[in-house]
Amino acid sequence: LSELACLLRSRLEVFAATSADVSERSSKKASKQPAAVVSGGGGGVPVKTPVPITPGRVGIRCKHCAHFPRSSKAKGAVSYPNSIRIMNQTVRNWQRKFGCCVL
Numbered sequence: 034l035s036e037l038a039c040l041l042r043s044r045l046e047v048f049a050a051t052s053a054d055v056s057e058r059s060s061k062k063a064s065k066q067p068a069a070v071v072s073g074g075g076g077g078v079p080v081k082t083p084v085p086i087t088p089g090r091v092g093i094r095c096k097h098c099a100h101f102p103r104s105s106k107a108k109g110a111v112s113y114p115n116s117i118r119i120m121n122q123t124v125r126n127w128q129r130k131f132g133c134c135v136l
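All you need for the numbering used here is the position in the sequence shown, starting with 1, plus 33.
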């Protein structure tokens with residue numbers, strides 16, 4: 034990894050969702066929640082269905098603004114990947130939107 038990638042990744046933390054995280058997240062619209070792709074009735078066409086955030090679900094977040102109120106966090110400051118397989122992609126997405134905190 035480059036020095037920049039290492040620096041940016043050092044700004045993230047892995048955490049398990051708490052009841053407070055769940056209630057904060059549930060106040061958002063379902064369309065903004067993470068979604069899983071499942072086979073739909075349309076001949077195997079992928080359909081997005083919301084995946085609920087429950088206590089204990091693993092997420093990643095900016096460790097510098099982790100305890101700010103939701104209204105003060107930048108978009109993408111908290112993410113709940115649907116699978117460990119997409120964790121690297123989630124980190125890259127966070128890096129592209131980086132800006133919620135000062136380095």
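All C-beta atoms, glycine included, are put in the ideal place defined by N, C-alpha and C. From a predicted model like this one, the values you see are computed outputs, not experimental measurements.
> For Ser90 versus Ala38, is the C-beta spacing smaller than 8 Å?
Replying inline: If you number the sequence shown from 1, residue 90 lands on position 57. If you number the sequence shown from 1, residue 38 lands on position 5. The sequence shown places Arg at residue 90, rather than the Ser named in the question. Judged by their CB atoms, Arg90 and Ala38 are not nearer to each other than the 8 Å cut-off.
> Just the Cα atoms here: how many angstroms apart are Cys98 and Ala110?
Replying inline: Taking the sequence shown and counting its residues from 1, the one referred to as residue 98 is at position 65. Taking the sequence shown and counting its residues from 1, the one referred to as residue 110 is at position 77. Their Cα atoms are separated by approximately 8 Å.
> How many Å lie between Asn121 and Glu57 at the Cα?
Replying inline: Here residue 121 refers to the residue found at position 88 when the sequence shown is read from its first residue. Here residue 57 refers to the residue found at position 24 when the sequence shown is read from its first residue. Taking the straight line joining both Cα atoms gives about 25 Å.
>> Could you check whether Glu46 and Arg94 sit closer than 8 Å to each other, using their CB atoms as the reference points?
In response: In the sequence shown, residue 94 corresponds to position 61, counting from 1. In the sequence shown, residue 46 corresponds to position 13, counting from 1. When the beta-carbon positions are compared, Arg94 and Glu46 come within less than 8 Å of each other.
> Which residues in the same chain have their Cβ closer than 8 Å to the Cβ of Ser105, if we skip the five residues on either side of it in sequence?
Replying inline: Taking the first residue of the sequence shown as 1, we reach residue 105 at position 72. So the list reads Cys98, once near-sequence residues are dropped.
>> Let me confirm a value: Ile117 is counted as buried when at least 16 other C-beta atoms fall within 10 Å, else exposed. Which label applies?
In response: The sequence position of residue 117 within the sequence shown is 84, counting from 1. So Ile117 counts as exposed.
> Under three-state DSSP, which class holds Ser43?
Replying inline: Locating residue 43 in the sequence shown gives position 10, counting from the first residue. The answer is coil: DSSP assigns Ser43 none of H, G, I, E or B.
> Which same chain residues, not among the five before or five after Phe48, have their C-beta less than 7 Å away from its C-beta?
Replying inline: Within the sequence shown, the letter at position 15 stands for residue 48. Here the set comprises Gly92, Arg94.
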